[in-house]
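Undergrad: Sharing a structure here in structure tokens format.
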Amino acid sequence: MRNSWLPVALVLFAACSPRPKVTVQAQRIVIRQISLEYVLLEVRYQVHNPHPVAISVLEVDQSLELTNTVAARGQLVKAVSIPAKKSEPLSILLKVPFLPLATPAKELLLGKSVRYRLVSDMKLKTVLGRESRRVLREGELELPLVPGGGLVGLKNVRLEGGPLGTLLLDMVVLVPRPKKQVMETTEVEYLLKIENHTIADGRFQMTRGPENLQKVTIPVSWPIARGATWLPKMALGLPYHFRLRFDLGDETEFLIDKKDTIKVNPFSL
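Residue numbers are given in this note's numbering: position 2 of the sequence shown equals residue 1349, and the series is strictly consecutive.
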């Protein structure tokens, strides 16, 4: 009977011991895509669930500040379940626009390193009820290249073999060169469509050089009979779709995807 107090003490100790707590860490920010209009960031979190049952991340509201000004916001699209006694990654995208140039991202567009501050408010559903977490992360953000380039124009446009022969032209493209790291691939993919007809697609090699942009001239040969209706429209403008893409590593790509109209003087053919 001398140790009859021991079970009571253990119960009291268990009642007073701290409850397991869900922990959230903002691990890193990854640049997923760079275009002429925006940079797409992926914020990666690690969520640890110490409970014996699954929990849910219900909401995540992100706010990204660049040089003390809010540049972008992002939210969790749908709730995510974290299994019992597990740590799981959680990723959320943020799109930071470059335009107008008055936005905080203008420094990134100029190739400068910018101080960022990320604030994330999370709502969780756990076995103990609903909980909230606020996660802060600060650091420096810099693009691996200065966005620019694209389809400069079409030159030396000419017909060979009569009005329904072959359309010959040179497509002039500017491609931004990486500033620092070496790309995993130097192959650049390109595509040019006119009125939904693919007239050029393929790959070319990027070369090293001191300039920010590399100029590439691509010869194009295309049977004009496939686009016989073009001739009367050339002076007014033909709709085109130009796409260019290359990798900057496993996680980052540069992409130009532009639709516009292009004019060609038919009397010069």
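For each residue, glycine too, the CB sits at the ideal point set by N, CA and C.
Could you check what DSSP says for A1572 in three-state terms: helix, strand or coil?
TA: Three-state result, A1572: helix.
Undergrad: Distance check for G1584 and L1388, CA to CA, integer angstroms please.
TA: Cα to Cα, the separation comes out at about 36 Å.
Undergrad: Under the three-state reduction of DSSP, which class applies to F1360: helix, strand or coil?
TA: In this prediction, F1360 has a pLDDT of 40, which is less than 50 and means its spatial position is unreliable; what the coordinates show is noted afterwards. If DSSP states are grouped into helix, strand and coil, F1360 belongs with the helices.
Undergrad: In the DSSP assignment, what residue or residues form a beta bridge with F1601?
TA: I1381, F1593, per the DSSP bridge assignment.
Undergrad: Ignoring anything shorter than 3 residues or poking outside the region 1377 to 1444, list the beta strand (DSSP E) runs there in chain order.
TA: You should have 1385 to 1396, 1402 to 1413, 1416 to 1422, 1427 to 1429, 1433 to 1444.
Undergrad: List the residues that DSSP assigns as beta-bridge partners of M1553.
TA: Answer by DSSP bridge pairing: none, since M1553 is not bridged.
Undergrad: Go through its chain and collect everything with a Cβ distance to D1607's Cβ below 7 Å, but skip five positions before and after it.
TA: Once the five neighbours on either side are set aside, the close Cβ partners of D1607 are Y1587.
Undergrad: Specify the secondary structure class of E1454 as computed by DSSP and reduced to three states.
TA: DSSP places E1454 in helix when its eight states are reduced to three.
Undergrad: Please report the residue range of the beta strand (DSSP E) in which T1473 lies.
TA: Unbroken beta strand (DSSP E) run through T1473: 1461 to 1473.
Undergrad: Have a look at P1367, T1450, L1383, R1391 and flag the residue whose alpha-carbon is nearest the alpha-carbon of T1320.
TA: Residue 1320 is absent from the structure shown; the chain starts at 1348 and stops at 1616.
Undergrad: DSSP three-state label for V1493, please.
TA: Of the three classes helix, strand and coil, the one that applies to V1493 here is coil, per DSSP.
Undergrad: Cα-Cα, which of K1368, R1480, R1464, E1542 is closest to I1609?
TA: I1609 has its Cα closest to that of E1542, out of K1368, R1480, R1464, E1542.
Undergrad: When burial is assigned at 16 or more other CB atoms within 10 Å of the CB, is A1431 buried or exposed?
TA: Burial call: exposed.
Undergrad: Leaving aside the five residues before and after R1293 along the sequence, list all residues of the same chain whose C-beta is less than 8 Å from its C-beta, in chain order.
TA: The requested residue 1293 does not occur in the structure, where the chain is confined to residues 1348 to 1616.
Undergrad: For V1567, tell me which candidate among L1538, V1461, T1414 has the shortest Cα-Cα distance.
TA: That would be L1538, whose Cα lies nearest to the Cα of V1567.
Undergrad: Where L1413 and V1390 are concerned, what is the direct C-alpha to C-alpha distance, given to the nearest angstrom?
TA: Going from the Cα of L1413 to the Cα of V1390 covers about 15 Å.
Undergrad: One question on the structure: do D1517 and I1565 come within less than 8 Å of each other, judged by their Cβ atoms?
TA: Closer than 8 Å, so yes.
Undergrad: Since V1394 contacts I1429 with CB under 8 Å, what's their CB separation in whole angstroms?
TA: At roughly 5 Å, the Cβ-Cβ gap stays under 8 Å, so V1394 and I1429 are in contact.
Undergrad: Using the Cα positions of P1557 and D1604, report the straight-line distance between them to the nearest angstrom.
TA: For P1557 and D1604, the distance between alpha carbons rounds to 26 Å.
Undergrad: Could you name the residues of the same chain whose beta carbon sits closer than 6 Å to that of L1515, not counting the 5 residues immediately before and after it, in chain order?
TA: Taken in chain order, the residues that qualify are R1505, E1507, S1568.
Undergrad: Of the residues L1595, L1602, V1369, which one's Cα is nearest the Cα of R1481?
TA: Ranking L1595, L1602, V1369 by Cα distance to R1481 puts V1369 first.
Undergrad: Alpha carbon to alpha carbon, how far is A1373 from V1424?
TA: Between A1373 and V1424, the C-alpha separation is close to 18 Å.
Undergrad: Which of the three DSSP states, helix, strand or coil, is assigned to N1503?
TA: Looking at N1503 - three-state DSSP - the assignment turns out to be strand.
Undergrad: Quick one: Cα of E1600 to Cα of L1475, how far?
TA: Roughly 42 Å between the two C-alpha positions.
Undergrad: Quick one: what does DSSP say Y1369 is sitting in, helix, strand or coil?
TA: The sequence given here has Val at residue 1369, not Tyr. The answer is coil: DSSP assigns V1369 none of H, G, I, E or B.
Undergrad: In this structure, how does DSSP classify E1487 when only helix, strand and coil are distinguished?
TA: It is a strand residue.
Undergrad: What are the partner residues of E1536, as DSSP defines its beta bridges?
TA: Answer is R1550, R1592.
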